[in-house]
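Protein chains in written order, with the UniProt record's numbering: chain A, 1 to 226; chain B, 1 to 226.
Heads up, the beta-carbon is just placed ideally off N, CA and C, and yes, glycines get one too.
The structure under discussion appears below in the form of structure tokens.
There are 2 protein chains.
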Amino acid sequence: MSEPSSDLPTSNSGPIQRTALHDTLVGRLRDMIIEGELAPGSRMHESQLGEQLGVSRTPLREAIKYLASEGLVELVPSRGAVVKRFTGKDVHDMIIVLKSLEELAGNLACVTATDQEIARVRRIHDEMLQCYEAKDRLRYYKLNQAIHTEISQLTHNEALASMQALLQSRLKRIRFIGHEGPDKWAAAVAEHEEMITALEARDGKALSEVLGRHLLKAWERVKDSI
Amino acid sequence: MSEPSSDLPTSNSGPIQRTALHDTLVGRLRDMIIEGELAPGSRMHESQLGEQLGVSRTPLREAIKYLASEGLVELVPSRGAVVKRFTGKDVHDMIIVLKSLEELAGNLACVTATDQEIARVRRIHDEMLQCYEAKDRLRYYKLNQAIHTEISQLTHNEALASMQALLQSRLKRIRFIGHEGPDKWAAAVAEHEEMITALEARDGKALSEVLGRHLLKAWERVKDSI
DNA sequence: CTCAAAAATGCTGCATACAAAATGCAAAAG
DNA sequence: CTTTTGCATTTTGTATGCAGCATTTTTGAG
Numbered sequence: 001m002s003e004p005s006s007d008l009p010t011s012n013s014g015p016i017q018r019t020a021l022h023d024t025l026v027g028r029l030r031d032m033i034i035e036g037e038l039a040p041g042s043r044m045h046e047s048q049l050g051e052q053l054g055v056s057r058t059p060l061r062e063a064i065k066y067l068a069s070e071g072l073v074e075l076v077p078s079r080g081a082v083v084k085r086f087t088g089k090d091v092h093d094m095i096i097v098l099k100s101l102e103e104l105a106g107n108l109a110c111v112t113a114t115d116q117e118i119a120r121v122r123r124i125h126d127e128m129l130q131c132y133e134a135k136d137r138l139r140y141y142k143l144n145q146a147i148h149t150e151i152s153q154l155t156h157n158e159a160l161a162s163m164q165a166l167l168q169s170r171l172k173r174i175r176f177i178g179h180e181g182p183d184k185w186a187a188a189v190a191e192h193e194e195m196i197t198a199l200e201a202r203d204g205k206a207l208s209e210v211l212g213r214h215l216l217k218a219w220e221r222v223k224d225s226i
Numbered sequence: 001m002s003e004p005s006s007d008l009p010t011s012n013s014g015p016i017q018r019t020a021l022h023d024t025l026v027g028r029l030r031d032m033i034i035e036g037e038l039a040p041g042s043r044m045h046e047s048q049l050g051e052q053l054g055v056s057r058t059p060l061r062e063a064i065k066y067l068a069s070e071g072l073v074e075l076v077p078s079r080g081a082v083v084k085r086f087t088g089k090d091v092h093d094m095i096i097v098l099k100s101l102e103e104l105a106g107n108l109a110c111v112t113a114t115d116q117e118i119a120r121v122r123r124i125h126d127e128m129l130q131c132y133e134a135k136d137r138l139r140y141y142k143l144n145q146a147i148h149t150e151i152s153q154l155t156h157n158e159a160l161a162s163m164q165a166l167l168q169s170r171l172k173r174i175r176f177i178g179h180e181g182p183d184k185w186a187a188a189v190a191e192h193e194e195m196i197t198a199l200e201a202r203d204g205k206a207l208s209e210v211l212g213r214h215l216l217k218a219w220e221r222v223k224d225s226i
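What follows is the structure, given as structure tokens:
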């Protein structure tokens, strides 16, 4: 599975990385969908999009097929691709599954993670707190996602991490809309405090519980704005 | 040359071409990988494969990108695609995740399924039993998979069903190898009996438990042959 | 004026052509 | 004898062209 490239500031020491056009296109299109630049239900015109992105139709079509497998776009025979539209039920269904996956991840991570890895999550957490203090919503949001991704990766279970990433990616567009008020934001931060505490104590049961609760609350926060 | 053999309902071999070529190609390549016709780690030569399948490189490449997103093949920059090779740990990891998903499905299905849907699973189950009696391993195997897929679909949770299908698809190739002896086969059939009983009683807890147990045993059966 | 049928337009689906990169091999240098 | 370098072949990556289908517009009859 390819990394969601534009997630965290490039803490990774980037190799010379002549990134293939394919990966770039996939990431670019994914961002355009998540940020609403490509509206749900709208057709993705190959010529037009290709000109806009400065590539020909061939690599663009390949990227679209890739995203179709990811579930972000839908392929309609003889009519090309349309941006997939998610209903409220779809979102709820995805959250239910993501909840199950993150609960599993919480349990596993407390066993499999190294101390260094936990320390790394702690650093991201602290940085996120600073963004909360500074009311830097966008960056807070990205670090928030990063923490969930990191916890899934702490399991050292590639399948679990990729599934979590896939679902989270699909839900990004939704969460991108829902802006909760200060009270709910504070509650979310408090839950994240619980998470890092449980993780550092390697209390899998507690971590699993708070992760699940966090997601259910996330649903409560966004369900009326879909 | 192997039959399409993608799923159970269609044993047709007619190239009626009602479905788009893309879908056909994806299914065809997936089968070739699952059945080992394309060995793990081997490169997928575009010209050669295209000639073999009677299509040009363009739609073939699109299908390969799709499968890459599914995780069945790996894209190496400037070197094309290779069939993904799974280690024993990979398989175990996938089974752990699949177990979690099927347990969730078992719980939900008992609430959301209609009586007709449950009856449908019962019919597949009975047919599978006949294949067991007749020692028709291949068909038994396909119906077995179909039951797990059906149970996931009974949840009416698209995200859950698709994730389950994705993981099961990746594991197909593995299970394709592991041929258990008569005793273990009988045990597996007994577990399936438990499943259908729990489902018809709408006992989510019991269904969930037996589904999880079934998968752990499946791991026990194949773990030494990887 | 309305509606239906046919032409026209635009887009997708697939194939082919071209460009860039990698691999293999052979010959020459150390 | 080993290693390196440069050429040739193979293979991937990207662009373009053509045919078919869908939708829309136009035209003709009622």
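*asked:* Does the structure place the segment 137 to 155 of chain A close enough to the segment 106 to 124 of chain A that three or more beta carbon pairs sit under 8 Å?
replied: yes
*Any beta-carbon of chain A closer than 7 Å to the one on S100(B)?*
yes
*Residues of the UniProt domain "HTH gntR-type" (19 to 86) of chain B with a CB closer than 9 Å to any CB of chain A: list them in chain order, please.*
T19, A20, H22, D23, V26, T58, R61, E62, A63, I64, K65, Y66, L67, A68, S69, E70, G71, L75, P77 and S78
_With the cut-off set at 7 Å, would you say L215(B) and I95(B) are in Cβ contact?_
yes
_Between A113(A) and V97(B), how many whole angstroms is the CB-CB distance? I'm expecting something under 8 Å._
Not confirmed; about 17 Å, so no contact.
_the segment 194 to 213 of chain B touching the segment 67 to 85 of chain B, judged by at least three CB pairs closer than 8 Å_ = no
*With a 10 Å radius around its C-beta and 16 neighbouring C-beta atoms as the bar for buried, classify P59(B) as buried or exposed.*
buried
*asked:* Quick check on the burial criterion: 16 or more other C-beta atoms within 10 angstroms. Buried or exposed for S100(B)?
replied: buried
*asked:* What residue range does the beta strand (DSSP E) around G80(B) cover?
replied: G80 to V83
*For V97(B), which residues does DSSP report across the bridge?*
Per DSSP, none; premise fails for V97(B).
*asked:* Measuring alpha carbon to alpha carbon, tell me which residue in S78(A), R202(A), A134(A) and K84(A) is nearest R170(A).
replied: K84(A)
*Using a Cβ cut-off of 7 Å (strictly closer), state whether V189(A) contacts chain B.*
no
*asked:* Here's a check: name, in chain order, each residue in its chain whose Cβ is nearer than 6 Å to the Cβ of V189(B), leaving out the five neighbours to either side.
replied: Y132
*With distances taken between CB atoms, is the gap from R139(B) to E180(B) smaller than 7 Å?*
no
*What residue does the alpha helix (DSSP H) around L211(B) start on, and which one ends it?*
G204 to V222
_Measuring alpha carbon to alpha carbon, tell me which residue in Q48(B), D93(B), I174(B) and A119(B) is nearest G36(B)._
I174(B)
*Supposed close pair residue 228(A), H125(A) - CB separation, criterion 8 Å*: It is not possible to answer for residue 228(A), since the shown part of chain A is limited to 1 through 226.
*Can you give the Cα-Cα distance for R123(B) and R120(A), rounded to whole angstroms?*
52 Å
_Nearest-angstrom Cα separation, counted from D115(B) out to L67(A)_ = 36 Å
*How would you write the range of the alpha helix (DSSP H) that L38(B) sits in, first residue to last?*
It is not in any alpha helix (DSSP H) - L38(B) carries neither H nor E in the DSSP assignment.
*Would you report the Cα separation of K223(A) and P40(A), rounded to the nearest angstrom?*
17 Å
*Using a Cβ cut-off of 7 Å (strictly closer), state whether V97(A) contacts chain B.*
yes
_According to DSSP, M128(B) sits in a beta bridge with which residue or residues?_
For M128(B), which the question treats as bridged, DSSP gives no partner whatsoever.
_Closest residue to L21(A) among A146(A), S42(A), N144(A) and R57(A) (Cα-Cα distance)_ = R57(A)
*Between V91(B) and G80(A), what straight-line distance do the alpha-carbon atoms span, to the nearest angstrom?*
35 Å
*Pick helix, strand or coil for I226(A), following the three-state DSSP scheme.*
coil
_Rounded to whole angstroms, what is the Cα-Cα separation between S78(B) and I196(B)?_
50 Å
*Can the beta-carbon of L104(A) be found less than 7 Å from the beta-carbon of E127(A)?*
no
*Out of S69(A), G54(A) and S47(A), state which residue places its alpha-carbon closest to the alpha-carbon of V26(B).*
S69(A)
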